[in-house]
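J.:
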Amino acid sequence: MSDTATQRCSGISSNPDISGPGVRVALYLQSLLSVVLVRFSPQDAPGAYWSMTSTAFSLIISSIVTSAQGQISLLDAIVVVYVLLLPILASALGLSEIAAPSNHKNPLRSVHSPLLIVANWTRSALTYSFALYVWISAPTFGSGSRECNEATRLIFFGASLPALGSGRYLNLTIWGVFTLLFVYRALKGARTIAIACRALLSSSASQALLKPKGPPRNEVHREIVTRFNFKSRERTTTNRLFRPRQIFHELLQGVMSQIMGWTPSGTGRWYRAYGRTILIALLAAWAIIMTELELALNELVTPNNQWGFGQILPLVLTISPLFSLYEYFLSRRASGPINKSRILRFNVKGGKGLQRPHCEVDSFGEELIEQLGEENIQRRRAPTAFVVVTIAEREQYTTYEHEHEKNPRWNEGFDVKLTDTSTIVIRVFDRKCIDAEWPSLIGFTTILPFSLLPPPVEGEPTPDLTPRQEPKDLETAIDSSSIEVDVPLIREGRTVPEMTIKISLSTDTSLPPTLPYVPPTLVGPQAVHTQTRVGLFKWGNKTVYGRKKETHTTVYQLQ
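Taking the UniProt record's numbering, I'd label the letters of the sequence shown as residues 1 to 559.
1) Going by C-alpha distance, which of F450, R168, N15 is nearest L420?
2) When you compare the CB positions of I434 and S440, do they come within less than 7 Å of one another, or not?
3) Rounded to a whole number of angstroms, what is the C-alpha to C-alpha distance between P314 and L322?
4) Could you check the C-alpha separation between Q526 and Y556 for me, to the nearest Å?
5) Assuming the contact rule is C-beta atoms closer than 8 Å, H402 and T384 should be a hit. Round their C-beta distance to whole Å, please.
6) Using a Cβ distance threshold of 8 Å, determine whether the segment 133 to 147 contacts the segment 70 to 87, with at least three qualifying pairs required.
7) Nearest-angstrom Cα distance between V348 and V416?
8) Quick one: grab the DSSP three-state call for I442.
9) Taking the C-alpha atoms as reference points, what is the distance between I88 and P114?
10) I'd like to confirm the pairing. Which residues does DSSP put opposite G351 in its beta bridges?
11) Who are the near neighbours of L318 in its chain, counting only those whose CB is closer than 6 Å to its CB and skipping five residues on each side?
12) Identify the continuous beta strand (DSSP E) that holds V220 and give its terminal residues.
13) With DSSP run on the structure shown, which of helix, strand or coil describes D76?
14) Determine the burial state of R494: buried for a count of at least 16 other Cβ atoms within 10 Å of its Cβ, exposed for fewer.
15) Which word fits I247, buried or exposed, when buried means at least 16 other C-beta atoms lie within 10 angstroms of its C-beta?
16) May I ask which residues mark the beginning and end of the alpha helix (DSSP H) holding P449?
17) Assuming L241 and V220 are in contact, meaning their beta carbons sit under 8 Å apart, how far apart are those beta carbons, in whole angstroms?
18) Counting C-beta neighbours from all protein chains within 10 Å, is the total for I70 16 or more, i.e. buried, or is it exposed?
19) Just confirm the distance between the C-beta atoms of Y397 and P107, as a whole number of angstroms; I'd bet it's less than 8 Å.
20) Going by beta carbon distance, what residues of the same chain come within less than 6 Å of K502, once the five residues before and after it are set aside?
21) By the three-class DSSP mapping on this structure, what secondary structure does P16 have?
22) On the three-state DSSP scale, how would you describe I247?
23) Tell me which same chain residues have a C-beta within less than 6 Å of the C-beta of H552, skipping the five on either side of it?
24) If distances are taken between C-alpha atoms only, which option among L354, A382, E405 comes closest to R491?
25) Taking Cβ to Cβ, would you say A287 is nearer than 7 Å to L161?
26) Is F57 helix, strand or coil when you go by DSSP?
27) Short of 6 Å in beta carbon distance, which residues of its chain neighbour S63, apart from the five on each side in sequence? Order them along the chain.
28) Let me check one thing: in DSSP terms, what residues is V523 bridge-paired to?
29) What are the partner residues of T390, as DSSP defines its beta bridges?
30) Determine contact between the segment 208 to 222 and the segment 118 to 138, defined as no fewer than three beta-carbon pairs at a distance below 8 Å.
31) Let me know the secondary structure DSSP gives A159 once reduced to three states.
32) Is T507 buried or exposed, if buried means 16 or more other CB atoms sit within 10 Å of its CB?
33) Tell me the DSSP secondary structure of E484 in three-state form.
34) Along the beta strand (DSSP E) that carries R235, what are the first and last residues, could you check?
35) Check P463 in the structure and name its three-state DSSP category.
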């Protein structure tokens with residue numbers, strides 16, 4: 001049937017404004033430059049993500065409109081589906097830098113806006129909808145006749161498949177599975193999408209993204225890790241207490257983003273640095289090769305090599321990411337050696353004199369206040385406070401809440417990589433005000449960590465970062481590698497000396513972050529989990545390499 005259709009179809013039409021050489025080369029270059037920009041300049045990842053996401057939106061919307069008008073052929077639509085993979089891959093790489101997944105060992109989560117959540121979901125929905133629309137309506141799709149659609153070939157891994165035969169069924173299966181996975185993730189994260197949509201229209205609604213999805217688990221985990229070296233017979237043990245990380249409203253990751261999240265599980269410094277980029281490059285190369293073969297192996301009415309306004313303009317627009325990349329290298333050269341990265345342990349100790357920004361008691365009459373009683377009124381006036389620590393506008397850490405407490409004690413710490421010029425913003429919020437959709441910011445402050453904890457003075461020995469003896473007075477302990485300070489909070493443009501946050505900074509990260517004291521109200525153990533990992537390599541009877549790691553985690557209930 002395909003031969004008969006080919007005889008009836010004199011040639012397949014192709015719209016140069018969609019699949020012309022200038023458009024294709026511009027997309028290839030823009031995707032490549034975005035990947036390079038994200039790899040060498042992670043701080044530009046948001047810009048690269050939005051650039052490629054807008055490109056994907058433009059491709060999809062233009063294709064939907066022109067297909068509804070009957071101005072593109074099935075071949076053009078297939079090319080668009082292939083080319084769409086490039087901005088999706090590039091934006092997935094940018095998204096992996098913006099929203100790196102967190103875990104109990106790395107409790108930091110990435111800073112992102114509700115617009116990012118909505119845009120990422122909308123882009124995925126449009127991509128899957130357009131791909132399914134193309135292949136479901138393939139026999140009658142677009143400007144070409146049914147005979148020309150039957151003559152169209154789908155190139156998949158070098159194999160030439162009939163677009164209305166096996167090629168159509170293959171794509172319906174692949175995109176159908178991807179769509180089902182997307183629908184499942186969308187239904188599972190429907191609450192997050194709804195909150196993000198509301199947050200686009202209301203600043204008070206956006207505060208809901210600050211708090212966890214549900215009530216925190218009142219648990220404390222004791223983790224004992226034992227490492228044994230078979231070759232040296234050396235055994236080491238570490239013991240720490242920690243609270244399990246809270247679950248927040250995060251981005252709904254697509255299939256590509258999930259693949260990007262799997263790649264860092266590899267081992268080795270080289271793999272962690274370049275594995276994700278290499279995977280993106282391989283997938284992008286495959287998409288480019290399939291696109292070029294699609295146009296080369298199908299019989300077109302006229303060769304698709306015309307250069308006009310619609311071809312030159314996209315090429316000129318690629319100058320934007322090129323300038324961003326060039327500006328990064330210039331700024332790096334001009335900044336000098338100040339941007340040295342170091343790891344710092346940051347601990348939120350507690351707060352003092354915290355006051356709610358708004359309180360329902362303020363509207364009560366004197367008679368009602370007397371009826372409620374002093375203890376009830378004080379409880380209502382006390383905030384349910386939590387702290388959001390934002391590092392260099394890229395990552396953030398959120399503490400647990402302390403209910404009805406003006407002087408909360410958190411004692412939560414984490415490790416973070418900072419440069420000498422990195423800034424940290426500490427904001428304190430009231431959960432009660434968030435639930436009532438009132439302004440909830442109790443106060444904030446901004447610190448420059450390495451101005452409080454500067455490097456050693458020239459000529460002085462480097463401080464010993466090995467575990468040291470505890471000083472007698474923890475409140476006033478200050479040495480060359482750690483410091484504790486009380487920082488006043490700012491509210492409505494004014495410093496409030498009565499409201500302070502106590503923090504500690506330390507360069508000693510030799511041991512994992514742990515709770516500085518054992519909570520007195522632990523119940524349990526509720527559960528015990530054991531994990532064992534063994535790596536052993538022998539040559540004959542000689543052990544060349546061998547290590548064993550046993551992790552015992554005991555779960556206690558915190559009341």
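C-beta: ideal position from N, C-alpha, C; glycine also.
T.: Straight from the coordinates:
1) The sequence shown places Asp at residue 420, rather than the Leu named in the question. Comparing Cα positions, the closest option is F450.
2) yes
3) 13 Å
4) 5 Å
5) 7 Å
6) yes
7) 13 Å
8) strand
9) 19 Å
10) I501
11) Position check: residue 318 holds Thr in this sequence, whereas Leu was assumed. Cβ within range, chain order: A26, L29, Q30.
12) 219 to 229
13) helix
14) exposed
15) exposed
16) 449 to 452
17) 6 Å
18) The amino acid occupying residue 70 in the given sequence is Gly; Ile does not appear at that position. Exposed, since its Cβ has fewer than 16 Cβ neighbours within 10 Å.
19) 6 Å
20) K349, G350, D486
21) helix
22) coil
23) I224, T530
24) L354
25) no
26) helix
27) V80
28) Q557
29) Q396, V425
30) no
31) strand
32) buried
33) strand
34) 235 to 242
35) Unreliable positioning characterises P463 in this predicted model, as indicated by a pLDDT of 46, which lies under 50. The coordinate reading is nonetheless provided below. Three-state DSSP puts P463 in coil, outside helix and strand.
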